[in-house]
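Asker: Protein chains in written order, with the working numbering: chain A, 37 to 197; chain B, 936 to 1065. Using N, Cα and C, we set each Cβ at its ideal position, and we do this for glycine too.
1) To test your reading of the DSSP string, which unbroken alpha helix (DSSP H) runs of 4 or more residues are found completely within the segment 936-970 of chain B?
2) For residue 72/A, would you say it is in contact with chain B, using Cβ-to-Cβ distances shorter than 8 Å as the test?
3) So with Cβ pairs under 8 Å, would you call residue 945/B a contact of chain A?
4) If you measure between the beta carbons of residue 143/A and residue 69/A, is that distance less than 8 Å?
5) Thinking C-beta only, is residue 1020/B closer than 8 Å to residue 66/A?
6) When the Cβ atoms of the segment 86-106 of chain A are set against those of the segment 139-157 of chain A, are three or more pairs found closer than 8 Å?
7) For the alpha helix (DSSP H) holding residue 95/A, just list the boundary residues, first then last.
8) Tell me which same chain residues have a C-beta within less than 8 Å of the C-beta of residue 967/B, skipping the five on either side of it?
9) Answer yes or no: does any C-beta atom of chain A fall closer than 8 Å to that of residue 952/B?
10) Return the chain-ordered list of same chain residues with a C-beta closer than 7 Å to the C-beta of residue 1037/B, the five sequence neighbours on each side being excluded.
11) Could you tell me whether any Cβ in chain B is nearer than 8 Å to the Cβ of residue 174/A?
12) Quick check: is the beta carbon of residue 1013/B nearer than 8 Å to any beta carbon in chain C?
13) Can you confirm whether residue 77/A, when its beta carbon is compared against all beta carbons of chain B, has any partner nearer than 8 Å?
14) Grouping DSSP H, G and I as helix and E and B as strand, with all else coil, what is residue 1027/B?
15) Would a C-beta distance cut-off of 8 Å place residue 948/B and residue 1055/B closer than the cut-off?
16) Is the beta carbon of residue 1004/B less than 8 Å from the beta carbon of residue 981/B?
17) Residue 180/A to residue 173/A, Cα distance in whole Å?
18) Excluding five sequence neighbours on each side, which residues of the same chain lie with their C-beta closer than 6 Å to the C-beta of residue 110/A?
19) Looking at C-alpha atoms only, which residue of 940/B, 951/B, 997/B and 943/B is the closest neighbour of residue 138/A?
20) Anything in chain B within Cβ reach of residue 187/A, meaning under 7 Å, just list it in chain order.
21) Does any C-beta atom of chain B lie closer than 8 Å to the C-beta of residue 132/A?
22) Would you grab the beta carbon distance between residue 112/A and residue 184/A for me? Rounded to a whole angstrom, and I think it's under 8 Å.
23) Kindly list the residues whose CB is nearer than 6 Å to the CB of residue 107/A, restricted to its own chain and excluding five residues on each side of it in sequence; keep chain order.
24) Quick one: using the 10 Å Cβ neighbour count with 16 as the cut-off for buried, is residue 985/B buried or exposed?
25) Counting only Cβ pairs nearer than 7 Å, list the residues of chain B close to residue 127/A.
26) Just to make sure I have the definition right: I need the residues of chain A whose C-beta is within less than 8 Å of the C-beta of residue 1034/B. Which are they?
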């Protein structure tokens, strides 16, 4: 079970051994995370601009859904490019992969905002809507990851992931 | 200013998440436990931070810094700390091989984060409002 259940499991020992590589990866993730967080805030502001005073709350719910789906798609794309393989890439490629996967796309998406929306929809509207919101987020998130994989295969014709 | 705080918080949260998921992948062979821990912890902290902000809101607004606290802690740090994309990727990978593990991961993620958020509200309420 070398591949591990998750996309990031495979390079586990790669970074922990050498201090230099570890900090290099950490820096890449930090910069990517900053970028992802700013992008998420920017998209939230865009949704806020489109909303009116009385329905801001609904727009914010859809903003969270949108960034989660976009981020899932991006992560699927990047992981498809790397391939869920055990083999080690060059340090430059690995840094780039972590910048995008653990940095930008993971920070772009947010589970805490998702949870906040679940509870908020439950309180403000009805329980059934928050269940619909959960189901929609999960299903579209999974589809987005799959679309990322599929899109990469389609563009390159290579049978990865 | 608030954009810089969002970026700083996002960088800090992302690095902490990266270390935790990496540790989990290294020790347990899968980043699943790390992601679950990060998401539940993030929801719990979100609850506490929201109550803390609302408790101090008057004071912060007077100082003009309420927006800054919100940007750094909630949008930046907690938003960067927790992640939906990794969760979706792990779920999809699991669904192909171990359906019931995937289902329990999905249900425990959603349930535990919601419980974590509510627990955070309660902890914050007791802490700040007594």
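Answerer: From the atom records:
1) 937-963
2) yes
3) yes
4) yes
5) no
6) yes
7) 92-118
8) 959, 1025, 1029 and 1040
9) yes
10) 1026, 1029 and 1030
11) yes
12) Annotation note: the requested chain C is absent from the structure, which comprises protein chains A and B.
13) yes
14) helix
15) no
16) no
17) 10 Å
18) 141
19) 951/B
20) The premise fails here: residue 187/A is roughly 14 Å from chain B at the closest Cβ pair, so nothing lies under 7 Å.
21) no
22) 2 Å
23) 141, 144 and 145
24) buried
25) Ordered by position in chain B, no residue passes the 7 Å Cβ test against residue 127/A, which lies about 16 Å from the chain.
26) The premise fails here: residue 1034/B is roughly 13 Å from chain A at the closest Cβ pair, so nothing lies under 8 Å.
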